[in-house]
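Letter by letter, the sequence shown follows residues 8 to 214 of this note's numbering.
Idealized CB from N, CA, C, for every residue including glycine.
Model, not experiment: these values are computed from the prediction.
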Amino acid sequence: MAEVKLDQMDNMQFDVLREIGNIGAGNATTALSQMLSAKIDMKVPKIELLEFKELGDLIGGAENIVVGILLTLQDDIDGMMMFLLEKKAAKNVVKLMMGGFGGGEDSEDFSEMELSAMQEIGNIIAGAYLSSLSALTNMTISPSVPYMAIDMAGAILSVPAIEFGRISDKALLIETEFGDTGEQVNGYFILIPTLESYGRILTSLGL
């Protein structure tokens, strides 16, 4: 199995992780388009390997309110996956799903219906991302039931930092902009496999 040291990852290994990020984000966007029955375009994702402490700054700062969908991963790939949207972006996506209805981006709180819609959107996006990762690597990935949180980015990002900080202090951040012709939103996929799982992923792809 490939031995992986995140601070010494070579260009070829990182290019493979970048490609996985590209394909996963594209698959998730396609699933979202089908769910919303709307044409959703996606810009080429920006992919970086970052320390946990750097993630908050890229998502508008540690105090920025975000909606997060968190899943733990087991079987061939262990770790955690998160999908984050800034609150305003989440409101816009929910509004699109609900055919223009909902509390609107100026409403502070999410209604029960909006929360349910956001949970469903998160489930679809995370499921599509993981299914493409599983198909690419021919590996079994068993995600937990997704957990949704609405909180400051720093609070949500502290979960993987506490959970996986002893194993790895870095995560793969995939930032992509997607939306219909009228509204573009930024979404953030954060993949945090264990070092052993990084090695399994790269080995499965011939590295």
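Tell me the rounded alpha-carbon separation between residue i and residue j.
| i | j | result |
| --- | --- | --- |
| N193 | G31 | 15 Å |
| G111 | E121 | A caution first: G111 carries a pLDDT of 49, below 50, which makes its placement in the model unreliable, though a value can still be read off. Answer to the nearest angstrom: the Cα atoms are 10 Å apart. |
| A116 | N130 | Per the sequence presented here, residue 116 reads as Asp, with Ala not at that position. Taking the straight line from one Cα to the other gives about 21 Å. |
| G134 | A35 | 8 Å |
| D113 | T37 | Summary for D113: the model assigns pLDDT 48, below 50, so the residue's position carries little reliability; its value from the coordinates is reported in the next sentence. For D113 and T37, the distance between alpha carbons rounds to 28 Å. |
| L137 | K46 | 22 Å |
| L164 | E55 | 16 Å |
| R25 | Q126 | 27 Å |
| G67 | Q41 | 29 Å |
| T210 | G33 | 23 Å |
| K95 | Y195 | 14 Å |
| N218 | D48 | The chain is shown only over 8 to 214; residue 218 falls outside these bounds and no answer can be derived. |
Use the C-beta contact count for residue i: other C-beta atoms within 10 angstroms, 16 or more gives buried, fewer gives exposed.
| i | result |
| --- | --- |
| G86 | buried |
| I208 | buried |
| E93 | buried |
| M19 | exposed |
| A142 | exposed |
| N145 | exposed |
| T98 | The residue you asked about is not Thr; residue 98 is Lys in the sequence shown. The residue is buried, with at least 16 neighbouring Cβ atoms inside 10 Å. |
Taking Cβ positions, are residue i and residue j nearer each other than 8 Å?
| i | j | result |
| --- | --- | --- |
| L57 | M104 | no |
| L140 | I128 | no |
| F59 | I76 | no |
| P52 | I169 | no |
| I157 | L62 | no |
| A124 | V101 | yes |
| I84 | S204 | yes |
By Cβ distance below 8 Å, which residues in the same chain neighbour residue i in space, the five residues on each side in sequence not counted?
| i | result |
| --- | --- |
| M4 | Nothing can be reported for residue 4, as the shown portion of the chain is limited to 8 through 214. |
| F21 | L56 |
Given residue i, which residues of its chain have a CB within under 6 Å of its CB, disregarding the five upstream and five downstream residues?
| i | result |
| --- | --- |
| Y154 | L77 |
| I199 | G86, M87, P167, F171, A178 |
| T79 | M87, S151 |
Leaving out five residues before and five after residue i in sequence, what residues of the same chain have Cβ atoms less than 7 Å from its Cβ?
| i | result |
| --- | --- |
| G161 | G63, A69, E70 |
| Q81 | S149 |
Could you check how far apart the C-beta atoms of residue i and residue j are, in whole angstroms? I think they sit under 8 Å.
| i | j | result |
| --- | --- | --- |
| I132 | L39 | 6 Å |
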